[in-house]
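Here the structure comes first, spelled out in structure tokens, and everything after it is commentary.
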Amino acid sequence: MDVSTLHIGGIELNIFALLGITAILGLVLGYFLGKRIPFTGSSPKQSNPPEDYSVFLEGIQYILANETDQAIETFSRAVQINSETIETYVTLGNLFRVKGEIDRAIRIRQSILLREKVDQATKLQALFDMGMDYKQGGFLQRAISTFEEVIRRAPKRLDAYKELEDLCEDTHDWQRAYELQKEIRKLSNTNNQHIMAHLKTEQAKVEMERGNLDSAHGNLKKALSMDSTCVDASLQLGSLYWLKNRKRKALAIWKKLIKNNPRWAHVILLRLEAQDGMPSDETMVLEFLENVAEESLDPLARLALARCFMKRDKREQGLASLRRALEIKPDLREARKILGEVLLERGDERALLSEYRLLLDHLGPVTKCYRCQQCGLESDKIVWRCPGCHSWDTVQPRMIASD
Ligand SMILES: [Zn+2]
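This is the structure we're talking about:
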């Protein structure tokens, strides 16, 4: 997708065209109001000269034709002609941001903030826009302090809370993001429990890495009390018990998780595969795997189960699981790869040849296993927060190429 396009309700809109429409409304309104009401605090002024207005129209035409450079040049000229027209500044700043010219966008916001004759609401918006400029430019700490200032000046401004919260997630400040979600909930009365559960889970992961298992446990319990269906929280709770050497408890949690969330069974089995086991645990783990094999599993879960069996030298069970995965999804490349490796190791030429033929039959384009239901981003690994649209729980496993 082009960075300058937006998708709203299935309609593709050019961002410059959107800015253009906003500019037209703002400028036309500003022009006519300007004729009647002098700008706040300024001395009564004369109406704009006609050439001034035609410069705006020229700029808007460039925006609609997607000729940003010419639009910027024209609006810059308009600003020189009539430096009181604040909407032109705002539009120009937004155009610079879209073009990635962050320094210039910020200078425009600063010039608005420093003007004495500009009202507080416009200055507040300029501050907010500056936060957006910093965010887009990747100056995350500056963006954070700018949105903090917006909230200090306007404690009920929901969009500033949302931007600040998003930045705290980007910088992995999970505790603060959680506190901000509480504020967002109060202001907007929306149900964001599933996000808050993820934030507590992320905090628990950090605590686990630091060895603070009790604190991690508290965070995971809190997460599950807010959203008992949070897969990542239960997955992590299992890992925590595993780490505490309470493996039976860990397996019980994961077993329940697989039963209740067959779509995510593969993630749970991959987690188990990654855990280090003691020889004394093997009987318990094998019993778990054999129980799981009885469940109705999708191909990704069958593949993950096969890997768990293989890791424990249970070749036959592993092969059986791989073949069942390939029966349902013959183009599951990873499964074909492992199968080929096993046959190579065995020196089973006849079976290898037939596998190779099947592999050629299913050599299609590589499809990624996960897809965001919100923005369409595709990923090879599971992410609970989409790196594209920053939404939680929108990335889902895809089983069929047309998903
Ligand atoms: Zn997304």
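Per my numbering, the sequence shown runs over residues 17 to 419. Note that CB positions come from ideal geometry on N, CA and C, so glycine has one too. Nothing here was measured: the structure is a model prediction, and the numbers come from that model.
Bounding residues of the beta strand (DSSP E) (the contiguous stretch that carries residue i)
i: V411; result: 411 to 413
i: D387; result: According to the sequence shown, residue 387 is Arg rather than Asp. From DSSP, the beta strand (DSSP E) with R387 extends over 386 to 388.
Residue i CB to nearest heavy atom of ligand 1 below 6 Å
i: L196; result: no
i: Q412; result: no
i: L393; result: yes
i: C385; result: no
i: C405; result: yes
i: C184; result: no
i: C246; result: no
i: C324; result: no
Alpha-carbon spacing of residue i relative to residue j, whole angstroms
i: A212; j: F155; result: It is Met, not Ala, that sits at residue 212 in the sequence shown. Those two C-alpha atoms are separated by around 25 Å.
i: A249; j: E83; result: 48 Å
i: G392; j: V283; result: 21 Å
i: W400; j: A341; result: 25 Å
i: T56; j: S161; result: With a pLDDT of 36 at T56, under the threshold of 50, the predicted position of this residue should be treated as unreliable, and no value is reported.
i: K202; j: V166; result: 18 Å
i: Y194; j: N205; result: 15 Å
i: A336; j: A367; result: 14 Å
i: C405; j: E332; result: 43 Å
i: Y105; j: A281; result: 53 Å
i: Q136; j: S127; result: 14 Å
i: I398; j: K260; result: 25 Å
i: S296; j: G227; result: 24 Å
i: R352; j: G293; result: 27 Å
i: R373; j: G363; result: 17 Å
i: A317; j: L130; result: 60 Å
i: Q389; j: E181; result: 22 Å
i: G109; j: I122; result: 7 Å
i: C385; j: Q412; result: 8 Å
i: D145; j: K238; result: 36 Å
i: W258; j: A309; result: 21 Å
i: D149; j: E225; result: 34 Å
i: I344; j: D314; result: 8 Å
i: L196; j: L229; result: 25 Å
i: Q86; j: D119; result: 19 Å
Range of the contiguous alpha helix (DSSP H) that encloses residue i
i: P393; result: The identity of residue 393 in the sequence shown is Leu, whereas the question assumes Pro. Counting along the chain, L393 falls outside any alpha helix (DSSP H), and DSSP gives it neither H nor E.
i: S161; result: 156 to 169
i: D329; result: Element bounds for D329: n/a, residue is neither H nor E.
i: V291; result: One point to set straight first is that residue 291 is Gln, not Val, in the sequence displayed. From DSSP, Q291 is part of no alpha helix (DSSP H); its letter is neither H nor E.
i: K275; result: 263 to 276
i: K216; result: 209 to 225
i: D364; result: From DSSP, D364 is part of no alpha helix (DSSP H); its letter is neither H nor E.
i: A249; result: 247 to 259
i: N235; result: 229 to 242
i: L108; result: 102 to 115
8 Å CB neighbourhood of residue i in its chain, flanking five on each side removed
i: A170; result: L140, A176
i: L236; result: K216, T217, A220, A249, Q252, L253, L256
i: K198; result: M212
i: L240; result: A213, C246, A249, S250, L253
i: K16; result: Any answer about residue 16 is impossible in this case: the structure gives the chain only from 17 up to 419.
i: K275; result: E311
i: R158; result: Y150
6 Å CB neighbourhood of residue i in its chain, flanking five on each side removed
i: G356; result: E371
i: E223; result: S231, A232
i: R414; result: R387
i: Q209; result: M242, D243
DSSP-derived helix/strand/coil call for residue i
i: W408; result: strand
i: R318; result: helix
i: R401; result: strand
i: P346; result: coil
i: K133; result: coil
i: H188; result: coil
i: A142; result: helix
i: T299; result: helix
i: A281; result: helix
i: E199; result: helix
i: S370; result: helix
i: E311; result: coil
i: T383; result: coil
i: K172; result: coil
i: A341; result: helix
Sequence-distant residues of its chain with Cβ nearer than 7 Å to residue i (five each side left out)
i: L305; result: L321, C324, F325
i: G26; result: In this predicted model, G26 has a pLDDT of only 39, less than 50, meaning its place in the structure is not dependable; the value taken from the coordinates is given anyway. There are no such residues.
i: Q191; result: Q219
i: L488; result: The first residue shown for the chain is 17 and the last is 419, placing residue 488 beyond what the model contains.
i: N277; result: V247
i: W408; result: H210, I211, H214, W400, R401
Distance cut-off 6 Å: residue i Cβ against heavy atoms of ligand 3
i: C388; result: By its list of ligands, the structure shown excludes ligand 3, since it contains just ligand 1.
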